[in-house]
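Structure, as structure tokens:
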Amino acid sequence: MAIIEARGLTYIYPFAEKPAIEDVNLAIEEGEFVLLTGPSGCGKTTLCRCFNGLIPHFYGGRLEGEVIVAGLRTTEHPTYELAKHVGMVFQNPENQLFALTVEKDVAFGLENLGLPRDEIRRRVDWALKVTGIYELRDRAPFELSGGQQQRVAIASVLAMQPEVIVLDEPTSFLDPLSARTILETVHQLKRELGITVILVEHRLDLAARYANRIIVMDRGRIILDGEPRRVFLDDRVRLVGVGLPKVIRLYLALKRDEVDLGRAPLSPEEASELILGVLKSDRG
Amino acid sequence: MSVLEGLRFRSISSPIHLIDPRAKLVYVCILFAVAVLFSQLIPLLIIFFSQIPLVLIARIKREWLRLIRGSIFFAALIFAANVISLYFYGGYPSLASIIEHSLAMTLRFLILVESFSIFFTTTSPDMLSLSLEQMGVPYEFCFAFTTAIRFIPVLAEEAQTIMDAQKARGLELERGSFLKRIKNYIPILIPLIVSAIRRSMELAEAMESRAWGASTKRTNLYSLKMKARDYAFIAISAAVLSISVYACFFIRIPRLIELIYLG
Amino acid sequence: MGQNGAGKTTLVKHFIGLLKPTRGRVLVDGVDTRTVSVAQLARKVGFVFQNPDHQLFSETVEEEVVFALRNFGFDEKTIRERVDWALNLLDLTEYRKSSPFMLSGGERKRVALASVLAWDPKILILDEPTIGQDAYQKERLRHFIIQLNQQGKTVIVVTHDIEFIAECEPRVVLMANGKIIADRGAREVLTDPALIKESSLVPPEITQVFIRLNDLGFPRKVLGVYEAKRLILERLRGGLHNERT
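Residue numbers (our numbering), protein chains in the order written: chain A, 1 to 284; chain B, 1001 to 1263; chain C, 2001 to 2245.
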């Protein structure tokens, strides 16, 4: 059974004239790493909010169709219940950390759930270690760098042990190196814990290599949904105006000159390997 | 502002820092009661100076001095107000006794300031909030309290950035008439307020996403337990209260002037 | 360019006098920044801050753009002309009477930019203009910056977004730990492994590919897709490649 399912999902924000997302149908299986992308205003953030119940409970508005998360229909269950299954990491690291120490922040969700103290302690320590920030547990969020703050946010979500973690443009405020590190951490967590990841990103050059599936949205609708290489080579992706990684553009440019690298590369490492391959076979 | 600096928590290891916030709260209340009990200068002087050892044990001398210095203005105001009203509406035999009484009133104020300083500089906001929670204050208020404190440095930085951004568009903040300068703060206040509203919306979203409201019986990672030293602290404070009550009602406390003249 | 915390924003704040040097001095158009106020420097140096919400406060977009012009003492006729011009330049004419708070993130960034360009400063500083922008918006911004530069403006962009600037090959001043560690053309700086390591940057994608191909005799200093393609084709076809592609 899919861990997240949307059928005929349409949503209109209060006071809005047009739907922010229209007729969205998708099913996400457990263990997938889904990359959700599209131009600004395409509805990707709105869609994410539908997964954990912020839509419709926090935002109001009108929701048509249905969203089922871990077997629960989101319109029928409050956000705090859905939060146990879908955790969300937001774009701005500063505005999702409320406590005066990292440790208390990671404990926040568990305290809300009313778990016994020793269980909270165990999970907090585990989440801190698994995200590599155990040494920062007594520090104040204000003192941390953006990358560290995002790790705290991830740890706070992980501590609740949801099946799905949604990250909404988590690297926006980070420099490329921190961005790389965070994405690598998320990928590692997925491998080790089997958690389902939904990542909303513009920086496809950094994120595409980790995803097993890319969903491209435009103007509230899903335009493309499939394996990354297939999606990148689809003509429609260029019409939508998504920022294709340069290595994909190189692949396409070479293809137009009748040089086939064999496979569309998703990272510079892969691209250089494929180029080497072509050069060797040409010689040999 | 030096007054705020004098109330900022500093994480040092001192015996006073380790005392449970609730015990310290009892101490502040008792001190308040004792200060109100006496209106004579001599006992108030004794109380004021008897707290200094606490300040030294807690190693917060610097913060304490800052706070006292910041309160000088109000202290002087209280002193002047008392002198003037007693002089004209009197009942007091001499100028010297008026001055003594006004000094006493000023000292009452300073004693309170002093105890607040000791309390806030030795109690982390986290522990304070936890103690309030354990005393039965609804969690929403404790949460609002700690979150507000957590965001003070963030908002301060943001206010500075907004000022910079508007100065870079030619906004003059230093010169101009008084009225004009007030008007010039509108381009600073509005972005600050809008930003604060946006921020609180984002925070609310994050809170909901972490199961806010899931359980009416909210648990906590830490819990404050009263130890022997906390009870001892309360006991000492209670003893001070009893002695003060006895002294107030059963001992005749001389005026300072009388002592000076007698001597 | 440089990592977060390297000192980039601190440095550029000196150019508009928001910060004054502890030692040494900063001269803008020959004038020592310590001798003039921020407002005076702002006439020549337009600073667009990272977060447009730190600037927006007016009831309409139009008033937002007028704000600085009034502060600088322009007459009403010039103000009207400049507002029309700035709004048109940034495609904001239809939002003239809208509240800036009702616009989308990208539109608010354009309003902030318009309000700074309105007084036509000769130097323009953009602090992290690409944050949160999608590919199309970044492309538009890049063209715009190049256009402004071609019109004679000095443009300083503070950014850690390497892909954004790689293909326009500007002069790159690279910072790390509060110091300038390089000040040369993009092609030199962004492809140097030592500099990249020291400044904790990530090289442009194409450069990353060619760093790995270095052993085969490929040059390392490659930035763009088309030059990459050309080099690969040259190698494959044994050196002679028709430039007309």
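Quick reminder that beta carbons are idealized off the backbone N, C-alpha and C, glycines included.
At a cut-off of 7 Å between C-beta atoms, residue 1212 (chain B) counts as an interface residue with respect to chain A. The C-beta separation of residue 2186 (chain C) from residue 2195 (chain C) comes to about 12 Å, leaving the pair out of contact by the 8 Å criterion. Put simply, the segment 1128-1147 of chain B does not touch the segment 2007-2017 of chain C. Fewer than three CB pairs are less than 8 Å apart. With respect to residue 20 (chain A), residue 38 (chain A) sits apart: the two C-beta atoms are not nearer than 7 Å.
Cβ-Cβ distances below 7 Å link residue 149 (chain A) to 93, 94, 97 and 141 in the same chain, with the five nearest sequence neighbours on each side left out; the list follows chain order. Residues 107, 110 and 111 of the same chain have their beta carbon placed closer than 7 Å to that of residue 120 (chain A), with the five preceding and five following residues left out of the count. Taken atom to atom, the span from the alpha-carbon of residue 2022 (chain C) to that of residue 2054 (chain C) is near 27 Å. For residue 2088 (chain C), the enclosing alpha helix (DSSP H) covers residues 2076-2089. Residues of the segment 1214-1248 of chain B with a C-beta atom less than 9 Å from some C-beta of chain A are 1214, 1215, 1216, 1217, 1218, 1219, 1220, 1221, 1222 and 1223, listed in chain order. Taking every protein chain shown into account, the CB of residue 91 (chain A) has 16 or more other CB atoms within 10 angstroms, so this residue is buried. Between the C-alpha atoms of residue 1075 (chain B) and residue 2091 (chain C) there is a straight-line separation of about 60 Å. Comparing alpha carbon positions, the residue from C:2099, C:2069, C:2075 and C:2136 closest to residue 2115 (chain C) is C:2069.
Scanning A:151, A:118 and A:50 for the CA closest to the CA of residue 130 (chain A) turns up A:151. Cβ-Cβ separation between residue 50 (chain A) and residue 11 (chain A): approximately 7 Å, consistent with a contact (criterion under 8 Å).
Interface annotation for the segment 1133-1167 of chain B against chain C: 1158, 1161, 1162, 1164, 1165, 1166 and 1167, criterion Cβ-Cβ distance under 8 Å.
Against chain A, the CB of residue 2209 (chain C) has a partner CB under 7 Å away; the residue lies at that interface. Per DSSP, the unbroken beta strand (DSSP E) holding residue 23 (chain A) starts and ends at 21-28.
If you draw a straight line from the Cα of residue 40 (chain A) to the Cα of residue 1227 (chain B), it comes to about 57 Å. With 16 or more other CB atoms across the displayed protein chains lying within 10 angstroms of its CB, residue 2050 (chain C) is buried.
Among the residues facing chain A, residue 1196 (chain B) is not included, as its CB has no counterpart in that chain under 7 Å away.
In this structure residue 1174 (chain B) is exposed. Its beta-carbon is surrounded by fewer than 16 other beta-carbon atoms within 10 angstroms. Using a Cβ-Cβ cut-off of 7 Å, residue 1199 (chain B) is close to 95 of chain A, given in chain order. With contacts defined by Cβ atoms closer than 7 Å, residue 2113 (chain C) and residue 2048 (chain C) form a contacting pair. Taking 7 Å as the cut-off, the Cβ atoms of residue 1027 (chain B) and residue 1237 (chain B) count as close.
For residue 2156 (chain C), the closest alpha carbon among the candidates C:2178, C:2135, C:2121 and C:2133 is that of C:2121. Residues 1044 and 1048 of the same chain have their beta carbon placed closer than 6 Å to that of residue 1107 (chain B), with the five preceding and five following residues left out of the count. Assignment of beta-bridge partners to residue 6 (chain A) by DSSP yields A:26 and A:67. The alpha-carbon of residue 59 (chain A) is positioned some 32 Å away from that of residue 227 (chain A). Look at residue 2229 (chain C): its C-beta is under 7 Å from a C-beta on chain A. One finds 2160, 2161, 2162, 2201 and 2202 in chain C with Cβ atoms closer than 8 Å to the Cβ of residue 176 (chain A), taken in chain order. The way I'd put it, the segment 22-36 of chain A does touch the segment 189-207 of chain A; three or more beta-carbon pairs between them come closer than 8 Å. Contacts between residue 2104 (chain C) and chain B, judged by CB atoms closer than 7 Å, are missing: the closest CB pair is about 14 Å apart. Residue 2133 (chain C) sits buried, since 16 or more C-beta atoms from the chains shown fall within 10 Å of its C-beta. Proximity of chain C to residue 263 (chain A) at the Cβ level (cut-off 8 Å) is not reached, the minimal Cβ distance being about 15 Å. In this chain, residue 113 (chain A) is not harboured by any alpha helix (DSSP H), its DSSP state being neither H nor E.
Contact between residue 259 (chain A) and residue 2209 (chain C) is absent: CB atoms are separated by about 14 Å, not below the 8 Å threshold.
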